[in-house]
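J.: Okay, handing you the structure first.
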Amino acid sequence: MTARFDSDGPVLTITLDRPERKNPLTFELYAELRDRFQGLEHDTRVKAIVLAGAGDNFCSGGDVHEIIGPLTRSTPSELLRFTQMTGNVVKAMRACPQPIVAAVDGVCAGAGAILAMASDVRFGTERSRIAFLFVRVGLAGSDMGACAMLPRIIGLGRASELLYTGRAMSGLQAHEWGFYNGLAPPERLLERAGAFAREIAAGPTLAHATTKRMLSEEWAMPLDDAIDAEARAQAACMQSQDFRRAYEAFIAKSSPRFEGD
Numbered sequence: 059m060t061a062r063f064d065s066d067g068p069v070l071t072i073t074l075d076r077p078e079r080k081n082p083l084t085f086e087l088y089a090e091l092r093d094r095f096q097g098l099e100h101d102t103r104v105k106a107i108v109l110a111g112a113g114d115n116f117c118s119g120g121d122v123h124e125i126i127g128p129l130t131r132s133t134p135s136e137l138l139r140f141t142q143m144t145g146n147v148v149k150a151m152r153a154c155p156q157p158i159v160a161a162v163d164g165v166c167a168g169a170g171a172i173l174a175m176a177s178d179v180r181f182g183t184e185r186s187r188i189a190f191l192f193v194r195v196g197l198a199g200s201d202m203g204a205c206a207m208l209p210r211i212i213g214l215g216r217a218s219e220l221l222y223t224g225r226a227m228s229g230l231q232a233h234e235w236g237f238y239n240g241l242a243p244p245e246r247l248l249e250r251a252g253a254f255a256r257e258i259a260a261g262p263t264l265a266h267a268t269t270k271r272m273l274s275e276e277w278a279m280p281l282d283d284a285i286d287a288e289a290r291a292q293a294a295c296m297q298s299q300d301f302r303r304a305y306e307a308f309i310a311k312s313s314p315r316f317e318g319d
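If you want our numbering, it's the 1-based position in the sequence shown plus 58.
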């Protein structure tokens with residue numbers, strides 16, 4: 059495993075930690091990330107997550123020697139188990155109730171770009187480079203949900219261009235295209251992402267979890283079904299103590315203190 063998991067109150071920072079190799083993913087790290095994100099589904103202490111890379115890069119994707127090489131010698135069933143396992147990382151990221159804030163600097167390529175894509179909010183730097191490199195190694199762009207998620211973030215035509223060519227998207231273009239929510243200088247990036255995560259963590263936990271779940275569930279819903287689903291979800295939130303606290307704080311002309319129940 060080559061990742062650090064550091065808690066600062068309600069914010070968990072996950073740092074891919076192999077800077078000398080630009081923080082690549084290995085079989086073990088994929089499994090660790092999957093298991094950690096799955097475990098967060100029932101961790102009420104964590105309210106928000108920051109996902110970052112150590113050093114000057116986010117993640118260079120799958121390690122050439124530890125993943126790519128062995129995959130060329132794998133059987134069809136082994137290959138399917140691998141692709142399903144990597145997909146389960148994204149499933150776990152989307153299923154965990156805590157919003158995930160990615161802090162992207164330097165190289166963000168291949169499966170690393172997928173991890174950024176699967177986060178809820180992304181902050182980057184001008185010098186960062188995002189590349190969905192699969193076509194460069196003879197693979198399809200349909201990896202870990204990219205064909206489903208990327209068009210919803212930056213649009214179908216732009217996603218098609220990146221997935222067909224594998225070219226790098228600059229930090230400025232990523233911001234212009236809506237992949238990044240904002241840009242920061244490299245030395246301020248983690249601070250920017252952490253501040254946003256803390257702001258989220260101070261909010262109504264149950265409501266944030268509901269928003270995240272509905273953003274995912276409503277992708278494939280007709281509008282009328284989505285409206286009905288939101289009515290049920292919002293009615294459930296109105297039964298929370300946080301909703302009552304917000305009302306009482308408004309009456310008292312004070313700021314509400316959300317507790318997530």
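A virtual CB, placed ideally from N, CA and C, is assigned to each residue, including glycine.
All figures in this text were calculated on a predicted structure; none of them were measured in a lab.
Using 8 angstroms as the cut-off, can you tell me whether the stretch 213 to 228 makes contact with the stretch 259 to 277, which would need three or more C-beta pairs spanning the two stretches below that distance?
T.: no
J.: Is A171 near R92, with beta carbons less than 7 angstroms apart?
T.: no
J.: Inspect the CB distances between the stretch 113 to 123 and the stretch 156 to 169 and report whether three or more fall short of 8 angstroms.
T.: yes
J.: Taking the alpha helix (DSSP H) that G97 belongs to, which residues open and close that run?
T.: 85 to 97
J.: How many angstroms separate the CA atom of T144 from the CA atom of L230?
T.: 29 angstroms
J.: Please classify K105 as buried or exposed, where buried requires at least 16 other C-beta atoms within 10 Å of its C-beta.
T.: buried
J.: Which residue wins for smallest C-alpha separation from V159, given the options M175, G168, N146?
T.: M175
J.: Indicate whether D178 and F192 have their beta-carbon atoms separated by less than 7 angstroms.
T.: no
J.: With which residues is T71 paired in a DSSP beta bridge?
T.: D64, V108
J.: When DSSP labels each residue in this structure, what does A259 get in the three-state scheme?
T.: helix
J.: G240: which of I188, A189, M279, F181 sits nearest, CA to CA?
T.: F181
J.: Candidates I107, R225, P209, P243: which alpha carbon is nearest G8's?
T.: This structure does not reach residue 8, given that the chain is present from 59 up to 319, and the question cannot be answered.
J.: Determine, using beta carbons only, whether M272 and A289 come nearer to each other than 7 angstroms.
T.: The answer is no: Cβ separation not under 7 angstroms.
J.: Just how far apart, CA to CA, sit L70 and P157?
T.: 11 angstroms
J.: Here's a check: name, in chain order, each residue in its chain whose Cβ is nearer than 8 angstroms to the Cβ of P243, leaving out the five neighbours to either side.
T.: T183, listed in sequence order.
J.: With a threshold of 16 other CB atoms inside 10 Å of the CB of F95, please say whether the residue is buried or exposed.
T.: buried
J.: Strictly by DSSP, which residues pair up with G120?
T.: L83
J.: Across the stretch 80 to 90 and the stretch 122 to 134, are there enough close Cβ pairs to call them in contact, namely three or more that are closer than 8 angstroms?
T.: yes
J.: Can you name the start and end residues of the alpha helix (DSSP H) that I309 belongs to?
T.: 299 to 309
J.: Taking buried to mean at least 16 other C-beta atoms within 10 Å of its own C-beta, is T133 buried or exposed?
T.: Answer is exposed; the Cβ neighbour count stays below 16.
J.: How close, in whole Å, do the beta carbons of G119 and A169 come, if the pair is a contact with beta carbons under 8 angstroms?
T.: 5 angstroms
J.: Which same chain residues end up closer than 6 angstroms to F350 when comparing Cβ atoms and leaving out the 5 residues on each side of it in sequence?
T.: This structure does not reach residue 350, given that the chain is present from 59 up to 319, and the question cannot be answered.
J.: By DSSP, does G240 sit in helix, in strand, or in coil?
T.: strand
J.: Rank R103, R62, L74, L87 by C-alpha distance to the C-alpha of P68 and give the top, closest one.
T.: R103
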